[in-house]
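Before any comments, here is the structure.
Number of protein chains: 2
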Amino acid sequence: MRYAHRMERIKDRELLSLMELSEKKDMISFSGGFPSADSYPIEEIKESFYRILEEDPSGALSYSSTRGYGPLRQQIAQRMETHFGTSFSQEQVLITSGSQQALDMAGLLLIDKGDVVLFETPSYLGALNALKAYEAELVAVPTDEDGIVIASLQEAMETYGERVKMIYVIPDFQNPTGRCWSEKRRRDFMELVGHYDVAVLEDAAYSELSFGEEKEIPLIRYDEKQQVIYCGTFSKIFCPGLRIGWVCAGSAVMEELLLLKSSVDLSAPSITQRQTAYYLEHFDLDAHIRENILLYKKRRDAMIAAMKDKFPEGVSFNQPKGGLFLWVTLPESKDSRELLRRAYEAGISFVPGGSFYPGAVKNNEFRLNFSNVSEEKIRTGIEILGRIINDYIAE
Amino acid sequence: MRYAHRMERIKDRELLSLMELSEKKDMISFSGGFPSADSYPIEEIKESFYRILEEDPSGALSYSSTRGYGPLRQQIAQRMETHFGTSFSQEQVLITSGSQQALDMAGLLLIDKGDVVLFETPSYLGALNALKAYEAELVAVPTDEDGIVIASLQEAMETYGERVKMIYVIPDFQNPTGRCWSEKRRRDFMELVGHYDVAVLEDAAYSELSFGEEKEIPLIRYDEKQQVIYCGTFSKIFCPGLRIGWVCAGSAVMEELLLLKSSVDLSAPSITQRQTAYYLEHFDLDAHIRENILLYKKRRDAMIAAMKDKFPEGVSFNQPKGGLFLWVTLPESKDSRELLRRAYEAGISFVPGGSFYPGAVKNNEFRLNFSNVSEEKIRTGIEILGRIINDYIAE
Chain A
496 MRYAHRMERI KDRELLSLME LSEKKDMISF SGGFPSADSY PIEEIKESFY RILEEDPSGA
556 LSYSSTRGYG PLRQQIAQRM ETHFGTSFSQ EQVLITSGSQ QALDMAGLLL IDKGDVVLFE
616 TPSYLGALNA LKAYEAELVA VPTDEDGIVI ASLQEAMETY GERVKMIYVI PDFQNPTGRC
676 WSEKRRRDFM ELVGHYDVAV LEDAAYSELS FGEEKEIPLI RYDEKQQVIY CGTFSKIFCP
736 GLRIGWVCAG SAVMEELLLL KSSVDLSAPS ITQRQTAYYL EHFDLDAHIR ENILLYKKRR
796 DAMIAAMKDK FPEGVSFNQP KGGLFLWVTL PESKDSRELL RRAYEAGISF VPGGSFYPGA
856 VKNNEFRLNF SNVSEEKIRT GIEILGRIIN DYIAE
Chain B
496 MRYAHRMERI KDRELLSLME LSEKKDMISF SGGFPSADSY PIEEIKESFY RILEEDPSGA
556 LSYSSTRGYG PLRQQIAQRM ETHFGTSFSQ EQVLITSGSQ QALDMAGLLL IDKGDVVLFE
616 TPSYLGALNA LKAYEAELVA VPTDEDGIVI ASLQEAMETY GERVKMIYVI PDFQNPTGRC
676 WSEKRRRDFM ELVGHYDVAV LEDAAYSELS FGEEKEIPLI RYDEKQQVIY CGTFSKIFCP
736 GLRIGWVCAG SAVMEELLLL KSSVDLSAPS ITQRQTAYYL EHFDLDAHIR ENILLYKKRR
796 DAMIAAMKDK FPEGVSFNQP KGGLFLWVTL PESKDSRELL RRAYEAGISF VPGGSFYPGA
856 VKNNEFRLNF SNVSEEKIRT GIEILGRIIN DYIAE
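As they're listed, the protein sequences go chains A and B. Heads up: the first sequence runs through residues 496 to 890, numbered per our numbering. Heads up: the second sequence runs through residues 496 to 890, numbered per our numbering.
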């Protein structure tokens, strides 16, 4: 069979094999990007399914509209307003199959072969792979602790000119590093971007997982020219297995996305949309998220304490203020893929940093997930990992 | 915002507006492509959701593997073997978001800009739109009562040569006409296709809805060169709101599709996959389908009887042996879109035939759905429609 040329570009099976790994049992896995499964509000979810099937079984089992179930879109718009001060109508919300589908649809909407996509680095390779499928040329822009580096971004904009169609960013507690953009960086970014005819793909998967008092202001709040396509999801704050995400954007863009949703899979499942809407109406998602945040914060603290205790000199790591991940840096000569091979033998997994750079240009870093592992397992796992790193570095 | 060039090509909002229409109440709608909502096995579905959430809540709410839930894939492979004599392993089944996603993924897999896709005509525009998004050039091949016309197909293959990447077909009770390919036509088709390096996209959405004793033999049974990508779905035989479809193909193709699934939305929802697997294991889907078929057959008969009685001379229609639709032809000078405008006023809807020809080249036909309307409403609706057609033709 003769495949499309794009298939040459997306041969990277790294993410895929990670997803397949995730089904294996009895390991201490620091590799997932999942919320804690122990914390799913199972009774409430059961009740929601039961109720919606009682109240309107035919509605729950028939096709949804392409845009998605109206009451769910209304609640999403309302939640975004409450938490982030946006003012979208429900017509500006479209339900997707997780935020991954929104990322893919943004590629389909915007990218012609050879168009340039700028992205902060390191970044979520699942998004970059989706954009590669549309034959984008991916150009990395450096980041520092405050977010994407504005001078570097400007330089890239000047270098590639009109070829730049999109900038992909994760401003809040990003995957993989857990870093969060400062407010000033957000403003400077949107100010710069406003001078160009370029779309911003704002991946907000972790935006509600701030460990502090205040929520970060999303880029779309500063968006005066309808440049931002905002991708949200319930996967990290509720349950990933429901696959409910959404996209918000200006009305003109939404009409185009609606056409694409119809083309890619017609509509989201009615039943999971209605279940989520019922849950949002009758239970307290915010309380659930607050509980999760407390849990994740404790786990982050436990991980950092263990790393301070067990990791050798020359290994550094950050202390994220939210999200699910932290980021570890080995000495430059070391390769985290080799470390993973050894750790895997000892029953520990994590994600090598090269998986977050297209072409794996940098390999001495790795990502640790702390949200989905108990404090006890964190301590055990980090101790084992510390020994393995010690041996590896001593070689 | 500067969109990708493909957006120019998929401006056809016909299908989309039909999906949006479907939420309106109190009409007699012959326009849907849905199974009968009254026949959903609601109690069994409720029980399945309840049980899977009891037995393994964490599994049901966490991410599924990219390929899909193993036991569901196993059951699908088994059902295909029982009903259609295929012999796929569960590794050759990938779960999709309805069969629409499989059609989209086939485009992503195979189509470069300017590649030619041949398709039987009239056909399902949702598939053709999905392929258009990958900038395929669509070339119609005529059909007769026995299926795609082999001489015309051969002519098209010779005309377009290597540019032909894919042939899209719906051999069983196709959308929109309800026609079914003869066994000889299937053999001749696969024999011809075997001489070329071209993929066959077999849309089997209606394959289990045969009103006769025997199931039709799918093209993939004759597939000696792994050319066929087979798209199945539970939407027409169980519940469309669950959005569970699947794709089956040769192992090499499956590995590519797996990469794409990871890119387009990571994986299908765990909960709906597990619910469907539970249902298949503990209840009798085949009995449910048999009941539905009896119901649809009666409704088809009621519709045909009413049309014979109420439609004027010069209007012809077929008598499909399965599926959800039949196909009506007005005199050549008449336009079914104008008829729809008048019918809609009177509370009746259907789908104008132009919606099944790219570019709406032919407009004197229309599609009637008989599966989702009670016999009584069929009689009432056809009587009203008959009057409107009478008036329209008499003008």
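Each residue gets a CB set at the ideal place from its N, CA and C atoms; glycine is no exception. Because the structure is a prediction, the values reported are computed rather than measured.
- Task: For my contact list, N864(A) and G527(A) are in at a C-beta cut-off of 8 Å; report their separation, rounded to the angstrom.
- Result: Along the first sequence, read from residue 1 onward, the residue named residue 864(A) stands at position 369. Along the first sequence, read from residue 1 onward, the residue named residue 527(A) stands at position 32. That pair is a contact at about 5 Å.
- Task: Use the C-beta contact count for L511(A): other C-beta atoms within 10 angstroms, 16 or more gives buried, fewer gives exposed.
- Result: By 1-based counting over the first sequence, the position of residue 511(A) is 16. For L511(A), the predicted model reports a pLDDT of 49, less than 50, meaning its position is unreliable and no value from the coordinates is stated.
- Task: Locate the alpha helix (DSSP H) running through D781(B), then write down its first and last residues.
- Result: The residue labelled residue 781(B) in the question sits at position 286 within the second sequence. Element bounds for D781(B): L780 to K805.
- Item | Cβ of L704(B) within 9 Å of any chain A Cβ | Mapped onto the second sequence, residue 704(B) falls at position 209. Cβ-Cβ to chain A under 9 Å: no for L704(B).
- Task: Look at K731(A) and L819(A) and say whether their C-beta atoms are less than 9 Å apart.
- Result: Here residue 731(A) refers to the residue found at position 236 of the first sequence. Here residue 819(A) refers to the residue found at position 324 of the first sequence. Going by C-beta atoms, K731(A) is nearer than 9 Å to L819(A).
- Message: Let me confirm a value: T767(A) is counted as buried when at least 16 other C-beta atoms fall within 10 Å, else exposed. Which label applies?
- Response: Numbered from 1 along the first sequence, position 272 holds the residue referred to as residue 767(A). T767(A) is buried by the Cβ-count criterion.
- Message: Here's a check: name, in chain order, each residue in its chain whose Cβ is nearer than 6 Å to the Cβ of M514(A), leaving out the five neighbours to either side.
- Response: Here the question's residue 514(A) lines up with position 19 in the first sequence. In this predicted model, M514(A) has a pLDDT of only 46, less than 50, meaning its place in the structure is not dependable enough to derive any value.
- Task: Determine the direct distance from the alpha carbon of E697(B) to that of Y717(B), and round the result to whole angstroms.
- Result: Walking along the second sequence from the start, residue 717(B) turns up at place 222. Walking along the second sequence from the start, residue 697(B) turns up at place 202. Going by the C-alpha atoms only, they are around 12 Å apart.
- Contained beta strand (DSSP E) runs [length at least 3] in the region 690-716 of chain B, N- to C-terminal order: The qualifying runs are 694-698.
- Query: Is R497(A) close to chain B, meaning its C-beta is less than 9 Å from at least one C-beta of that chain?
  - Reply: Translated into positions along the first sequence, residue 497(A) becomes position 2. Closer than 9 Å: yes.
- Item | Any C-beta of chain A under 9 Å from that of C734(B) | In the second sequence, the residue the question calls residue 734(B) occupies position 239. Closer than 9 Å to some Cβ of chain A, the Cβ of C734(B) qualifies, so yes.
- Message: Tell me which residues share the same chain as N859(B) and place their Cβ nearer than 8 Å to its Cβ, disregarding the 5 neighbours each side in the sequence.
- Response: Here the question's residue 859(B) lines up with position 364 in the second sequence. Here N859(B) has T824, L825, P826, E827, S828, K829, D830, S831 and G848 as same chain residues with Cβ atoms under 8 Å from its own Cβ, once five neighbours each way along the sequence are excluded.
- Message: Starting from E650(A), trace the alpha helix (DSSP H) in both directions and tell me its first and last residue.
- Response: On the first sequence, position 155 is the one that residue 650(A) refers to. Under the DSSP assignment, E650(A) falls in the alpha helix (DSSP H) whose first and last residues are I645 to Y655.
- Tell me whether the beta-carbon of G727(B) lies closer than 9 Å to the beta-carbon of A700(B). Residue numbering aside, residue 727(B) sits at position 232 when the second sequence is read from its first letter. Residue numbering aside, residue 700(B) sits at position 205 when the second sequence is read from its first letter. For G727(B) and A700(B), yes; Cβs fall inside 9 Å.
- Query: Helix, strand or coil for Y535(B) per DSSP?
  - Reply: Your numbering for residue 535(B) matches position 40 in the second sequence. Coil, per DSSP.
- Message: How far does the beta strand (DSSP E) with F614(A) in it extend, from its first residue to its last?
- Response: The residue you call residue 614(A) lines up with position 119 of the first sequence. Per DSSP, the continuous beta strand (DSSP E) segment holding F614(A) begins and ends at V611 to T616.
- Message: Could you tell me the alpha carbon to alpha carbon distance between V759(A) and I739(B), rounded to whole angstroms?
- Response: Indexing the first sequence from 1 puts residue 759(A) at position 264. Indexing the second sequence from 1 puts residue 739(B) at position 244. Going from the Cα of V759(A) to the Cα of I739(B) covers about 14 Å.
- Query: Comparing the C-beta of G881(B) with each C-beta of chain A, is any distance below 9 Å?
  - Reply: Mapped onto the second sequence, residue 881(B) falls at position 386. Taking Cβ atoms only, chain A never reaches closer than 9 Å to G881(B), which makes this a no.
- State yes or no: is the C-beta of E615(B) within less than 9 Å of the C-beta of Y663(B)? For the purposes of this step, residue 615(B) is taken as residue 120 along the second sequence, with counting starting at 1. For the purposes of this step, residue 663(B) is taken as residue 168 along the second sequence, with counting starting at 1. Cβ atoms of E615(B) and Y663(B): closer than 9 Å.
- Rounded Cβ spacing between L754(B) and I505(A) (contact assumed at less than 8 Å): The residue given as residue 754(B) occupies position 259 in the second sequence. The residue given as residue 505(A) occupies position 10 in the first sequence. Confirmed, about 6 Å.
- Own chain, CB closer than 6 Å to C743(A), minus 5 neighbours either side, in chain order: In the first sequence, the residue the question calls residue 743(A) occupies position 248. For C743(A), where only same-chain residues beyond five positions count, the Cβ hits under 6 Å are F583, Q587, V588 and Y725.
- Message: For a quick check, are the C-beta atoms of G817(B) and G707(B) less than 9 Å apart?
- Response: Mapped onto the second sequence, residue 817(B) falls at position 322. Mapped onto the second sequence, residue 707(B) falls at position 212. Their beta carbons are under 9 Å apart, which means G817(B) touches G707(B) by this criterion.
- Message: Short of 7 Å in beta carbon distance, which residues of its chain neighbour S560(B), apart from the five on each side in sequence? Order them along the chain.
- Response: For the purposes of this step, residue 560(B) is taken as the residue at position 65 of the second sequence. Listed in chain order, the non-local C-beta contacts of S560(B) below 7 Å within the same chain comprise S762, local neighbours out to five positions each way being set aside.
- Query: Where Y498(B) and G565(A) are concerned, what is the direct C-alpha to C-alpha distance, given to the nearest angstrom?
  - Reply: Position 3 of the second sequence, counting from 1, holds the residue named residue 498(B). Position 70 of the first sequence, counting from 1, holds the residue named residue 565(A). Whole-angstrom Cα-Cα distance: 27 Å.
- Message: Residues of chain B with CB closer than 7 Å to the CB of D607(A), please, in chain order.
- Response: Within the first sequence, numbered from 1, the residue matching residue 607(A) stands at position 112. Within 7 Å Cβ-Cβ: A499 and H500.
- D610(A), buried or exposed, once every other Cβ within 10 Å from all chains shown has been counted against 16: On the first sequence, residue 610(A) is found 115 positions in, with the first residue counted as 1. Counting of Cβ neighbours within 10 angstroms places D610(A) among the buried residues, the total reaching 16 or more.
- Taking F529(B) as the reference, which of R882(B), P853(B) and F845(B) has the closest Cα? Position 34 of the second sequence holds residue 529(B). Residue F845(B) is the option with its Cα nearest to F529(B).
- Query: What separation, rounded to the nearest whole angstrom, lies between the Cα atoms of I843(A) and W741(B)?
  - Reply: Indexing the first sequence from 1 puts residue 843(A) at position 348. Indexing the second sequence from 1 puts residue 741(B) at position 246. Rounded to the nearest whole angstrom, the C-alpha separation of I843(A) and W741(B) is 34 Å.
- Query: Taking Cβ to Cβ, would you say L548(A) is nearer than 9 Å to M496(B)?
  - Reply: Counting from one through the first sequence, the residue named residue 548(A) turns up at place 53. Counting from one through the second sequence, the residue named residue 496(B) turns up at place 1. Not a contact, by the Cβ cut-off of 9 Å.
- Query: Of the residues R681(B), N867(B) and G854(B), which one's Cα is nearest the Cα of N624(B)?
  - Reply: Position 129 of the second sequence, counted from the start, is the residue given in the question as residue 624(B). Measuring from the Cα of N624(B), the nearest candidate turns out to be G854(B).
- Query: Excluding five sequence neighbours on each side, which residues of the same chain lie with their C-beta closer than 8 Å to the C-beta of Y773(A)?
  - Reply: Counting from one through the first sequence, the residue named residue 773(A) turns up at place 278. S543, R546 and I547, listed in sequence order.
- Item | Bounding residues of the alpha helix (DSSP H) (the contiguous stretch that carries N859(B)) | Sequence index remark: in the second sequence, residue 859(B) carries index 364 (1-based). Here N859(B) belongs to no alpha helix (DSSP H), and DSSP marks it neither H nor E.
- At a Cβ threshold of 9 Å, is V846(B) touching chain A? Indexing the second sequence from 1 puts residue 846(B) at position 351. For V846(B), no CB of chain A lies under 9 Å from its own CB, so it is not counted at the interface with that chain.
- Task: Return the first residue and the last residue of the alpha helix (DSSP H) that L633(B) is part of.
- Result: Stepping through the second sequence from its first residue, residue 633(B) is reached at position 138. Where L633(B) is concerned, there is no enclosing alpha helix (DSSP H), although the beta strand (DSSP E) it sits in stretches over E632 to D639.
- Start-end ranges of the alpha helix (DSSP H) lying completely within the region 531-590 of chain A, minimum 4 residues: 537-550, 552-556 and 565-579
- Query: Which residues does DSSP pair with T824(B) in a beta bridge?
  - Reply: For the purposes of this step, residue 824(B) is taken as the residue at position 329 of the second sequence. BP columns for T824(B) point to S811(B) and E860(B).
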